[in-house]
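Below is one structure; the comments refer to it alone.
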Amino acid sequence: MKDRAESQEPGFMTGFSLLLPITLSTMAIVLLAPILPQLLADFSDVPGYEYWVPMILTIPALCVAIFSPLGGMLGDWFGRRRLLLGSFLVYALVGVAPLFLTSLPAILVSRVGVGMAEALIMVLSTTMIGDYYRGAARDKWLAGQTAFASISALLFFNLGGQLGVFGWRAPFWVYASALLMFALVQRHTWEPRRAEARDRAGNVGWAGFPWGRMLTIMAITIYGSVFFYTVQIQASSGLHMLGMSDPARIGFLTSIASIGVPLGTLLYSRIGRWPVRGLLMIEFAVLAVGFGVMGMARTSEMFLAGCFLNQIGAGLLLPTLLVWAMSLLSFEVRGRGAGLWQSSFAFGQFLSPVLVTLLSKQAGGLLPAFGLLSLGALIGAIIALLVPFRRGGQSLAGAVAHG
188 MKDRAESQEP GFMTGFSLLL PITLSTMAIV LLAPILPQLL ADFSDVPGYE
238 YWVPMILTIP ALCVAIFSPL GGMLGDWFGR RRLLLGSFLV YALVGVAPLF
288 LTSLPAILVS RVGVGMAEAL IMVLSTTMIG DYYRGAARDK WLAGQTAFAS
338 ISALLFFNLG GQLGVFGWRA PFWVYASALL MFALVQRHTW EPRRAEARDR
388 AGNVGWAGFP WGRMLTIMAI TIYGSVFFYT VQIQASSGLH MLGMSDPARI
438 GFLTSIASIG VPLGTLLYSR IGRWPVRGLL MIEFAVLAVG FGVMGMARTS
488 EMFLAGCFLN QIGAGLLLPT LLVWAMSLLS FEVRGRGAGL WQSSFAFGQF
538 LSPVLVTLLS KQAGGLLPAF GLLSLGALIG AIIALLVPFR RGGQSLAGAV
588 AHG
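The structure is reproduced here in structure tokens:
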């Protein structure tokens, strides 16, 4: 291992192996979204099921929000790779558990395990990208994470719907794919060179951590993440309310609408050098228009058009926030910084269905709730217009590199 670490430079397969794990965060929620109506129907006799059943999709995000900072600290202290490999095995084991469980509480417990493993996987894979690559190459692979997440969302929406035809349990088999990721990471990655590890290992102090700027990014990330995941979680329910009941068709049409996410990510590669204030203003404005169209929709076609536009804004938002955050972090605090950012993003993911449920009750339905979300996103755009967010001493425009 010593010779390998000292002689080998990260190549394409190294980056690819560390991009694949980002799909697990998408899998945790998007894969199961098309079967949400089936889950609601199957557990309708459980008190409070309308709150508890959506937690099957989102409780992993709460665990990611809670445990990501700890995962970052463990990565900075013990090293990234061994923890990452172990997390893949745990993820696969607890991920497929609902295939054999019959009670809602037991399924929710298994989803807690998924979230804990996911927290380590997300933080450590992102941190290792920062460890292996520098400058333009690092920003390219970080932005590649968002593109991978977007593309995997298209796959999982459709796959979840297709497998949902065989019952709500079938999609959980896909969680075994973490074993493939284990094999790739084991083959194509390594711990930092011994000289670097000896100098840097054990550094768990917070001296020099950019708290002021990171707290700003974390707050925006939580706010934006609520909007980012709304369509992915609620689109199937919205289509169901508009008269569509076939889970395969729901999954397919939602995946088509979600093409907006990779398109947004592609657009980011063109405009990512702009000042972060302008990027955030555009992104929240696009989200607002998309939510507005969804809220006014009376046909599935109009609803899907709103979803598509909304997802373009979502595809722009994620790389903006991730590249902005990672640009602040040195090796010594990279794991903890990545953990805090991932925690913020996951906390917004967890809050999303809870807030939508509350808004739906207040507004008189899911579609009117989208109108309120449109207003919230518009407020975000106005704040971005008025507040000159900057990265350190320079705007984001001059620092984002394209590989």
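So in our numbering, the last spot in the sequence shown is 590, and the numbers never skip. Beta carbons are placed, not taken as given, at the ideal position from N, Cα and C, and that holds for glycine.
Item to check | Segments assigned alpha helix (DSSP H), at least 4 residues, entirely inside the segment 417-468 | outcome: 434-444, 447-458
Checklist entry - By how many angstroms is the C-alpha of threonine 210 removed from the C-alpha of serine 364? => result 10 Å
Checklist entry - From which residue to which residue does the alpha helix (DSSP H) around tyrosine 278 run? => result 268-282
Item to check | Any alpha helix (DSSP H) of 4 or more consecutive residues that is wholly inside the segment 206-236 | outcome: 209-217, 223-229
Item to check | Where glycine 551 falls: helix, strand or coil (DSSP) | outcome: coil
Next on the checklist: So threonine 376 and serine 212 are supposed to be a Cβ contact under 8 Å. How far apart are they, rounded?
Outcome noted: With a Cβ gap of about 19 Å, threonine 376 and serine 212 do not count as contacting.
Checklist entry - When the Cα of glycine 451 is compared with those of Trp461, Ile420, Phe495, which residue comes out closest? => result Phe495
Checklist entry - Do glycine 259 and glutamine 529 come within 9 Å of each other at the CB atom, strictly closer than that value? => result yes
Checklist entry - Nearest-angstrom Cα distance between phenylalanine 230 and arginine 485? => result Across the structure, phenylalanine 230 and arginine 485 are spaced so that their CA atoms are roughly 29 Å apart.
Next on the checklist: Quick check: the Cα distance between phenylalanine 396 and glycine 465, rounded to an integer number of angstroms?
Outcome noted: 26 Å
Next on the checklist: Tell me which residues share the same chain as leucine 553 and place their Cβ nearer than 8 Å to its Cβ, disregarding the 5 neighbours each side in the sequence.
Outcome noted: Gln421, Ser424, Gly425, Met428, Val543, Ser547
Item to check | CA-to-CA distance, arginine 460 to methionine 468, given in whole angstroms | outcome: In a straight line, the C-alpha of methionine 468 is about 14 Å away from that of arginine 460.
Next on the checklist: Within a Cβ cutoff of 6 Å, which residues of the same chain sit near glycine 522, ignoring the five residues on either side of it in sequence?
Outcome noted: Gly259, Gly262, Asp263, Thr314
Item to check | Sufficient close CB pairs (3 or more, under 8 Å) joining the segment 238-252 to the segment 339-354 | outcome: no
Checklist entry - Thinking C-beta only, is proline 221 closer than 9 Å to leucine 527? => result no
Checklist entry - Among Ile446, Ser412, Ala435, which residue has its Cα nearest to the Cα of phenylalanine 534? => result Considering only alpha carbons, the answer is Ser412.
Next on the checklist: Within 10 Å of its beta-carbon, does proline 208 have 16 or more other beta-carbons around it, so buried, or fewer, so exposed?
Outcome noted: buried
Item to check | lysine 448 versus glycine 502 - alpha carbon distance | outcome: For the record, residue 448 in the displayed sequence is valine; it is not lysine. Rounded to the nearest whole angstrom, the C-alpha separation of valine 448 and glycine 502 is 4 Å.
Checklist entry - CA-CA distance, leucine 223 and tyrosine 236? => result In a straight line, the C-alpha of leucine 223 is about 12 Å away from that of tyrosine 236.
Item to check | For glycine 354, the nearest candidate out of Leu286, Ile443, Ser561 (CA to CA) | outcome: Leu286
Item to check | Nonlocal neighbours in the same chain, by C-beta distance under 6 Å from leucine 350, ignoring five residues either side | outcome: Ala357, Pro358
Next on the checklist: Within a Cβ cutoff of 7 Å, which residues of the same chain sit near isoleucine 294, ignoring the five residues on either side of it in sequence?
Outcome noted: Ile243, Pro285, Leu288
Item to check | Sequence-distant residues of its chain with Cβ nearer than 6 Å to phenylalanine 254 (five each side left out) | outcome: Met303, Ala306
Checklist entry - Would you call aspartate 232 buried or exposed, if buried means 16 or more other Cβ atoms sit within 10 Å of its Cβ? => result With fewer than 16 other Cβ atoms within 10 Å, it is exposed.
Item to check | Contacts around valine 352, its chain only, beta-carbon distance under 7 Å, and the 5 residues preceding and following it disregarded | outcome: Pro434, Ala435
Next on the checklist: Do valine 251 and tryptophan 393 count as a contact pair if the criterion is CB distance below 9 Å?
Outcome noted: no
Checklist entry - Taking the alpha-carbon positions, what's the aspartate 318 to valine 480 distance? => result Each residue's Cα considered, the two are about 42 Å apart.
Checklist entry - For the segment 528-573, which segments carrying the alpha helix (DSSP H) assignment without a break, of at least 4 residues, lie completely within its bounds, in sequence order? => result 553-573
Checklist entry - First and last residue of the alpha helix (DSSP H) that includes glycine 310? => result It should be noted that the sequence gives valine, not glycine, for residue 310. Where valine 310 is concerned, the enclosing alpha helix (DSSP H) stretches over 291-319.
Item to check | Under the three-state DSSP convention, the category valine 352 falls into | outcome: Reduced to three states, the DSSP call for valine 352 is coil.
Checklist entry - According to the neighbour-count rule (16 or more other Cβ atoms, all chains shown, within 10 Å of its Cβ), is valine 574 buried or exposed? => result exposed
Next on the checklist: Taking the alpha helix (DSSP H) that leucine 367 belongs to, which residues open and close that run?
Outcome noted: 365-375
Next on the checklist: Can you look up tryptophan 393 in the DSSP assignment and give me helix, strand or coil?
Outcome noted: coil
Checklist entry - Using DSSP with H/G/I as helix, E/B as strand and the rest coil, what is arginine 523? => result Here arginine 523 sits in helix by DSSP.
Next on the checklist: One question on the structure: do glycine 493 and glycine 438 come within less than 9 Å of each other, judged by their Cβ atoms?
Outcome noted: The Cβ atoms of glycine 493 and glycine 438 do not sit closer than 9 Å to each other.
Next on the checklist: Suppose contacts are defined by Cβ-Cβ distances below 9 Å. Is phenylalanine 478 in contact with threonine 408 by that definition?
Outcome noted: no
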